[in-house]
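Data block below; observations after.
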Amino acid sequence: MAVLLPLSVTAYAAIDVYEFDDPQQTEDFHVLMQELRCPKCQNQNIADSNAGLAKDIKDRAYKLLREGRSKEDITAYMVERYGDFITYRPPVTKNTWVLWFGPFVLLLMVVVTLVVRKRASVKLSSQHDVTTDQKQRVEALLKQYGQQKDEKEDSK
Amino acid sequence: MKWMRFGIPLMLFVVMAAFLAKGLENDPRHLPSARLDQKVPAFSLPSLIDATTIITQQDLKGPMLLNVWATWCPSCRVEHPMLIELAKQGVNIIGLDYKDERPDALAYLQKFHNPYSAVIFDEKGDLGLDLGVYGAPETYFIDAAGVIRHRHVGIVSERAWKNSLSAIWASISDGGGA
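So the protein lines, in turn, are chains A and B.
Taking the numbering used here, the leading residue of the first sequence gets 1, the next gets one more, and so forth.
Taking the numbering used here, the leading residue of the second sequence gets 1001, the next gets one more, and so forth.
In structure tokens form, the structure reads like this:
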């Protein structure tokens, strides 16, 4: 273990060469790398991508953070160059309206449909008020059917 | 009420089919440029041919094509003869040698001929990042005012030129009084 430990430390250092004086900046940097999407290898974020372009974007974000730019500034900076595509958190615009609110609209439609259907069925069942006459007939039929069934079972 | 049983799923199906059919035609790798209808971003980079000459955004007044290429890019090799043909036809093409080695790039132009009236040497990919380049080759159509009017991602093939790009070129070169 004592032999392994220094090895793993150097391995980590070789990957993570971006150092900040301010822990907040370190955190911002990691969040940015998670939330920015690599335009070259489209289903990876910048942190996961090994593409040359991902490294360029990483380096530029690092430089800007060190200059004191905020996380939001840097996202805007990248969107200005690569479009909304670059962020995994697309802003609400008329192009992304469906993306943001579409699911809620669908949910609302489902709820409305369910409520309307429920009401209709309640109305339907309340319309079927049975008169005492009908009730008696039903009971008589039930009785008859029940008896026949019993008889059938007896004869078996 | 009965028509809804068939009507609603049918409607949903038609709407989804229309969206998906449209999606089939889109190549997700062809992103629209965020720099469209904007001026070329400010830069100051050396020329590939002569390292002491500095090229800036002031020099990119079209009508011209700005072609992003590199020696490590196989598609650029495929595209090269078409660029030479276009240069012969009088299309002004500026090269942007993107993240490349100078000796390699010079040897490349020596071997395959040089269609560019000037070549910007962007060793670190700084101008590439400012332009929103995400892979070579890419070709930007820049008008007389230095505004980016179109970006073509991928090879400028004879077919692409005939189908759409020549019309875009005509629209910027007419307005620019070339």
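We put the beta carbon where it would ideally sit given N, CA and C, even for glycine.
Since the structure is predicted, the reported quantities are computational estimates derived from the model, not experimental observations.
Check your understanding: Going along the chain, which residues of its own chain have a beta-carbon closer than 6 Å to the beta-carbon of A:S49, five neighbours each way excluded?
Key -> C38, C41, listed in sequence order.
**Study point:** Residues of the region 49-66 of chain A with Cβ closer than 8 Å to any Cβ of chain B, in chain order
**Key:** For the region 49-66 of chain A, which is checked against every Cβ of chain B, the residues closer than 8 Å are G52, L53, D56, I57, R60.
Practice item. Using a Cβ-Cβ cut-off of 7 Å, state whether B:G1132 counts as contacting chain A. Key: Yes, contact with chain A.
Review point. Within 7 Å (strictly less), CB to CB, does B:G1135 reach chain A?
Key: For B:G1135, the answer is yes, since a Cβ of chain A falls inside 7 Å of its Cβ.
Practice item. Output the distance between the C-alpha atoms of B:K1061 and B:P1028, rounded to the nearest integer angstrom. Key: Looking at the two C-alpha atoms, the distance is approximately 31 Å.
Practice item. Determine the direct distance from the alpha carbon of B:D1037 to that of A:L108, and round the result to whole angstroms. Key: Answer to the nearest angstrom: the Cα atoms are 39 Å apart.
Point to revise | Beta-carbon contacts of B:W1169 that lie in its chain and below 6 Å, excluding the five residues immediately before and after | key: Excluding residues within five positions, none has a Cβ falling inside 6 Å.
Exercise for review: Using a Cβ cut-off of 7 Å (strictly closer), state whether A:E85 contacts chain B.
Suggested key: The identity of residue 85 of chain A in the sequence shown is Phe, whereas the question assumes Glu. True, the Cβ-Cβ gap to chain B drops below 7 Å.
Exercise for review: Just grab the DSSP bridge partners of B:Y1098 for me.
Suggested key: The bridge partners DSSP lists for B:Y1098 are B:D1122.
Review point. Name the DSSP beta bridge partners of B:F1043, please?
Key: Listed as beta-bridge partners of B:F1043 by DSSP are no residues whatsoever.
Exercise for review: Using three-state DSSP, classify A:T10 as helix, strand or coil.
Suggested key: Reliability fails at A:T10, whose pLDDT of 43 lies under 50, so the model's placement of it is uncertain and the value that follows must be treated cautiously. Under the three-state reduction of DSSP, A:T10 is assigned to helix.
Practice item. Please check if any C-beta of chain B sits within less than 7 Å of the C-beta of A:R119. Key: Residue contact check for A:R119 against chain B: no CB pair falls below 7 Å.
Review point. Taking contact to mean at least 3 C-beta pairs separated by less than 8 Å, is the region 1119-1128 of chain B in contact with the region 1084-1101 of chain B?
Key: They touch, by the three-pair rule.
Check your understanding: When the Cα atoms are used, what is the spatial distance from A:I86 to A:K123?
Key -> Each residue's alpha carbon lies about 53 Å from the other.
Practice item. Report the residues of the region 1016-1032 of chain B with a CB closer than 9 Å to any CB of chain A, ordered along the chain. Key: Hits within the stretch, in order: P1028, R1029, L1031, P1032.
Practice item. Identify, in the order they occur along the chain, each residue of the same chain with its Cβ nearer than 8 Å to the Cβ of B:A1070, setting aside the five sequence neighbours on each side. Key: Taken in chain order, the residues that qualify are C1076, D1097, Y1098, K1099, D1100, A1105, A1136.
Exercise for review: Check whether the Cβ atoms of B:I1142 and B:M1064 lie closer than 7 Å to each other.
Suggested key: With contacts defined by Cβ atoms closer than 7 Å, B:I1142 and B:M1064 form a contacting pair.
Point to revise | Element boundaries [alpha helix (DSSP H), containing A:E72] | key: Segment 71-82, the alpha helix (DSSP H) holding A:E72.
Exercise for review: State yes or no: is the C-beta of B:Y1134 within less than 7 Å of the C-beta of A:L53?
Suggested key: Using a Cβ distance threshold of 7 Å, B:Y1134 and A:L53 count as a contacting pair.
**Study point:** At least three beta-carbon pairs within less than 8 Å, the region 22-36 of chain A to the region 58-70 of chain A
**Key:** Yes: the two stretches touch, three or more of their Cβ pairs being nearer than 8 Å.
Practice item. Determine which residues share a DSSP beta bridge with B:R1151 and list them. Key: In the DSSP secondary-structure assignment, B:R1151 is bridged to B:Y1140.
Exercise for review: Can you say whether B:M1011 is buried or exposed, counting buried as having 16 or more other CB atoms within 10 angstroms of its CB?
Suggested key: With fewer than 16 Cβ atoms within 10 Å of its Cβ, B:M1011 is classed as exposed.
**Study point:** Top-ranked residue by Cα proximity to B:V1153, from B:H1030, B:V1040, B:I1055, B:G1125
**Key:** Of the candidates B:H1030, B:V1040, B:I1055, B:G1125, the one whose C-alpha sits nearest the C-alpha of B:V1153 is B:H1030.
Check your understanding: Is the region 1050-1060 of chain B touching the region 93-112 of chain A in the sense that three or more CB pairs, one from each, lie closer than 8 Å?
Key -> Under the Cβ criterion (8 Å, minimum of three pairs), the region 93-112 of chain A does not count as touching the region 1050-1060 of chain B.
Check your understanding: When the cut-off is 7 Å and only beta carbons count, does A:P23 lie next to chain B?
Key -> Between A:P23 and chain B, the shortest Cβ-Cβ separation is not below 7 Å.
Practice item. Mark B:G1007 as exposed unless 16 or more other C-beta atoms lie within 10 angstroms of its C-beta, in which case mark it buried. Key: Looking at its Cβ environment, which holds fewer than 16 other Cβ atoms inside 10 Å, B:G1007 is exposed.
Review point. Near A:V92, what residues of its chain come up, given a Cβ to Cβ distance below 8 Å and the 5 sequence neighbours on each side ignored?
Key: Taking C-beta separations shorter than 8 Å and ignoring five residues to either side along the sequence, the partners of A:V92 in its chain run W100, following chain order.
Check your understanding: If we ignore side chains and look at the alpha-carbon of each, how far apart do A:V112 and A:D22 end up?
Key -> Distance between the alpha carbons of A:V112 and A:D22: 51 Å.
Exercise for review: May I ask which residues mark the beginning and end of the beta strand (DSSP E) holding B:I1054?
Suggested key: Note, B:I1054: beta strand (DSSP E), 1054-1056.
Practice item. Could you work out which residues of chain B lie near A:Y82, taking near to mean beta carbons separated by less than 8 Å? Key: In chain order: L1031, A1034, G1132, Y1134.
Point to revise | Residues bridged to A:T87 [DSSP beta-bridge criterion] | key: Per DSSP, A:L36.
Check your understanding: With a CB to CB cut of under 8 Å and the five nearest residues on each side skipped, what residues in its chain are close to A:S125?
Key -> Counting only Cβ-Cβ distances below 8 Å, and skipping sequence neighbours, we find nothing.
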